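**Student:** Each residue of the sequence shown is one higher than the one before, starting from 1 at the first, in the UniProt record's numbering.
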Amino acid sequence: MKLNERSLAFYATCDSPADNAGFLYKRGERHTAYHRRWFVLKGNMLFYFEERESREPVGVIVLEGCNVELCDSAEEFAFAIRFGGAKSRTYVLAAESQAAMESWVKSLSRASFDYMRLVVRELEKQLEEMRWGLAAGCGGCQGQPGSWKPKPLGPEQSPERLPALPASLPKENGCAVWNNVPGIQRPPDTSGCDGQDSEGHPQLPPLPLRRKASGSEPGGAGAAAPQGPSTFCQLHERYGREVTRLRQHWQDRRRGPRP
Numbered sequence: 001m002k003l004n005e006r007s008l009a010f011y012a013t014c015d016s017p018a019d020n021a022g023f024l025y026k027r028g029e030r031h032t033a034y035h036r037r038w039f040v041l042k043g044n045m046l047f048y049f050e051e052r053e054s055r056e057p058v059g060v061i062v063l064e065g066c067n068v069e070l071c072d073s074a075e076e077f078a079f080a081i082r083f084g085g086a087k088s089r090t091y092v093l094a095a096e097s098q099a100a101m102e103s104w105v106k107s108l109s110r111a112s113f114d115y116m117r118l119v120v121r122e123l124e125k126q127l128e129e130m131r132w133g134l135a136a137g138c139g140g141c142q143g144q145p146g147s148w149k150p151k152p153l154g155p156e157q158s159p160e161r162l163p164a165l166p167a168s169l170p171k172e173n174g175c176a177v178w179n180n181v182p183g184i185q186r187p188p189d190t191s192g193c194d195g196q197d198s199e200g201h202p203q204l205p206p207l208p209l210r211r212k213a214s215g216s217e218p219g220g221a222g223a224a225a226p227q228g229p230s231t232f233c234q235l236h237e238r239y240g241r242e243v244t245r246l247r248q249h250w251q252d253r254r255r256g257p258r259p
């Protein structure tokens, strides 16, 4: 693997956040003496400096294809970074405390891309299981004990029901018509109650007669004359009395029979 020294030096000393940093004791490759170095972990690269204020790292360890494990050494709190292969070097490091050793071992074990690949696969597997679970739950949600459905109200709690209206009313002269719905016939009023049907529900007030043009054009000579203000006032007063009577009847029914 070829690495650019300038790029590594810049990456090691730039302001990008480090995954871990601190002093560790590093055993030499030829001599068994330990030297105190400042270590910085960024991604899968472990840089080490002679001092904390050093501008360039002394070396770098690429944490790919390695195992981080505890080892027996003269120094306390020691651990090793071992690579596969007969000629691969083993790095022996030692921390200053038990907590620092555990923190470094955990950080170094999770630094490689192989570990990240395993984590991503595990998360994808869990996500797929959750999707299957949600799909199975939605498919069998009908009739499940946890599915909530509103209970119908009893006769004493049910509000006044109004007659159902058709989805689309026919229109005549651009206005919707109530009593001209195709396929629906209104039975005669046999209840004997004024303004109520056989079940005691309030009926809609009658509509005034629709004016029809006798000529071929709405503005022709045979068109009916428009209604005057007096006719409008009469209709307004008539429907006002009807609405007031129906509202009073509805309120009386809500209150119940008087003692």
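Positions of the beta carbon are idealized from the N, C-alpha and C atoms, including for glycine. Bear in mind that the values here come from a model prediction, so they are computed numbers and not experimental data.
Check whether the Cβ of T244 lies closer than 8 angstroms to any Cβ atom in chain C.
**Tutor:** Of the protein chains in this structure there is only one, and it is not chain C.
**Student:** What residues are listed by DSSP as bridge partners for W38?
**Tutor:** Counting from 1 along the sequence shown, the entry for residue 38 is found at position 38. W38 pairs with F23 and F49.
**Student:** Following the continuous alpha helix (DSSP H) through L108, name the residue where it begins and the one where it ends.
**Tutor:** Here residue 108 corresponds to residue number 108 of the sequence shown, with the count starting at 1. Run containing L108: Q98 to S109, per the alpha helix (DSSP H) assignment.
**Student:** What three-state label does DSSP hand G137 in the structure shown?
**Tutor:** Counting from one through the sequence shown, the residue named residue 137 turns up at place 137. Reduced to three states, the DSSP call for G137 is helix.
**Student:** Would you decide whether N44 is buried or exposed? Buried here means 16 or more other CB atoms lie within 10 Å of its CB.
**Tutor:** Working through the sequence shown from its first residue, we reach residue 44 at position 44. Result: buried.
**Student:** With distances taken from CA atoms, which of A99, R110 and V40 is nearest N67?
**Tutor:** Translated into the one-based positions of the sequence shown, residue 67 becomes position 67. The option with the nearest alpha carbon to N67 is R110.
**Student:** In angstroms with no decimal places, state the Cα-to-Cα distance between E64 and F83.
**Tutor:** Reading the sequence shown from its first residue, position 64 is the one you call residue 64. Reading the sequence shown from its first residue, position 83 is the one you call residue 83. Approximately 8 angstroms between the Cα atoms of the pair.
**Student:** Identify every residue that forms a DSSP beta bridge with F79.
**Tutor:** Counting from 1 along the sequence shown, the entry for residue 79 is found at position 79. BP columns for F79 point to L70 and L93.
**Student:** Measure the alpha-carbon distance for A18 versus T90 and round it to whole angstroms.
**Tutor:** By 1-based counting over the sequence shown, the position of residue 18 is 18. By 1-based counting over the sequence shown, the position of residue 90 is 90. The alpha-carbon atoms of A18 and T90 are separated by roughly 23 angstroms.
**Student:** If L8 sits next to V60, beta carbons under 8 angstroms apart, how far is it from one beta carbon to the other, in whole angstroms?
**Tutor:** Residue 8 sits at position 8 when you count from the first residue of the sequence shown. Residue 60 sits at position 60 when you count from the first residue of the sequence shown. Yes, they are in contact, since the Cβ atoms of L8 and V60 sit about 6 angstroms apart, within 8 angstroms.
**Student:** Using 8 angstroms as the threshold, is the C-beta distance between P57 and A12 below it?
**Tutor:** Translated into positions along the sequence shown, residue 57 becomes position 57. Translated into positions along the sequence shown, residue 12 becomes position 12. Yes, these two residues count as a Cβ contact at 8 angstroms.
**Student:** Considering only residues of the same chain and omitting the five flanking positions on each side of residue 265, which have a CB-CB separation below 7 angstroms?
**Tutor:** This structure leaves residue 265 out entirely; the chain is present only between 1 and 259.
**Student:** The beta strand (DSSP E) with V60 in it runs from where to where?
**Tutor:** Your numbering for residue 60 matches position 60 in the sequence shown. From DSSP, the beta strand (DSSP E) with V60 extends over G59 to V62.
**Student:** With respect to the alpha helix (DSSP H) encompassing L3, which residues constitute its N-terminal and C-terminal limits?
**Tutor:** Position 3 of the sequence shown, counted from the first residue, corresponds to residue 3. Run containing L3: none; DSSP gives neither H nor E here.
**Student:** Could you tell me which of A136, R55, R30 and E76 sits nearest to residue 266, measuring between CA atoms?
**Tutor:** This structure cannot speak to residue 266, because the chain is shown only from 1 to 259.
**Student:** Nearest CA to the CA of A74: which residue from V62, A94 and S88?
**Tutor:** Taking the sequence shown and counting its residues from 1, the one referred to as residue 74 is at position 74. When only C-alpha atoms are compared, the closest one is A94.
**Student:** Quick check: what's the CA-CA separation for R6 versus E53?
**Tutor:** Taking the first residue of the sequence shown as 1, we reach residue 6 at position 6. Taking the first residue of the sequence shown as 1, we reach residue 53 at position 53. Whole-angstrom Cα-Cα distance: 18 angstroms.
**Student:** On a CA-only basis, which of H31, T32 and A21 is nearest F49? Give me that one, please.
**Tutor:** Within the sequence shown, the letter at position 49 stands for residue 49. Cα-wise, what sits closest to F49 is A21.
**Student:** Does DSSP classify G240 as helix, strand or coil?
**Tutor:** Translated into the one-based positions of the sequence shown, residue 240 becomes position 240. In the structure shown, G240 sits in a helix (DSSP, three-state: H, G or I).
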